[in-house]
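Notes for the one structure printed next.
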Amino acid sequence: MNGDPVYHAVALAVCTVLMVPVAVMILAGRTPSWLRRGGAGARLTAWALLCLYGLALVNGVPRLADASSRTVTLCATVGLGFAGAAAVLFVAAARRNAAGNRGD
1 MNGDPVYHAV ALAVCTVLMV PVAVMILAGR TPSWLRRGGA GARLTAWALL
51 CLYGLALVNG VPRLADASSR TVTLCATVGL GFAGAAAVLF VAAARRNAAG
101 NRGD
């Protein structure tokens with residue numbers, strides 16, 4: 001019902017390797033050089049990345065556990081909330097970056 005668990009495990013591993021270290025590094029105050037240009041919205045970007053990671057977890061773990069279709073659907077619905085929060089945070093970060101660039 002939930003497909004091949006290898007695909008979900010690989011997706012979770014890739015998300016863990018790519019999103020979590022960057023977000024934690026930004027929140028710890030060590031902003032990567034490619035993100036310093038905008039600067040003002042870096043923390044919001046980090047929280048948005050963590051929301052996307054939450055989306056990956058909420059969608060991947062039930063499928064890996066071979067949960068019922070009802071549980072997978074519920075978790076996918078919760079994942080939409082994470083996706084919406086990430087979108088709002090990315091827009092807020094872009095606005096903050098634009099406002100910071102105008103002030104220069």
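If you read the sequence shown in full-length UniProt numbering, its first letter stands for residue 1, the second for the next number, and so on.
Even glycine gets a Cβ: it sits at the ideal position worked out from N, Cα and C.
7 Å CB neighbourhood of ASN2 in its chain, flanking five on each side removed:
ARG63, ASP66, VAL72
Under the three-state DSSP convention, the category ASP104 falls into:
Legend: pLDDT at ASP104 = 49, less than 50; position of this residue unreliable, no value from coordinates given.
Less than 8 Å separating the beta-carbons of PHE82 and LEU44?
no
Between ARG30, TRP47, LEU18, which lies nearest to PHE90 when the distance is taken from Cα to Cα?
TRP47
Taking just the CA atoms, how far does THR16 sit from TYR7?
14 Å
Residue nearest to ALA23 in terms of C-alpha spacing, selected from ALA42, LEU80, ALA76, ALA93
ALA42
Give me the Cβ distance between ALA40 and ALA94, rounded to the nearest whole Å; I'm assuming they're in contact under 8 Å.
Not quite, the Cβ-Cβ distance comes to about 10 Å (not below 8 Å), so this is no contact.
So, under 8 Å CB-CB, residue 132 and GLY84 are touching, yes? Tell me the CB distance rounded to an integer number of Å.
As displayed, the chain neither begins before 1 nor continues past 104, which places residue 132 out of reach and without an answer.
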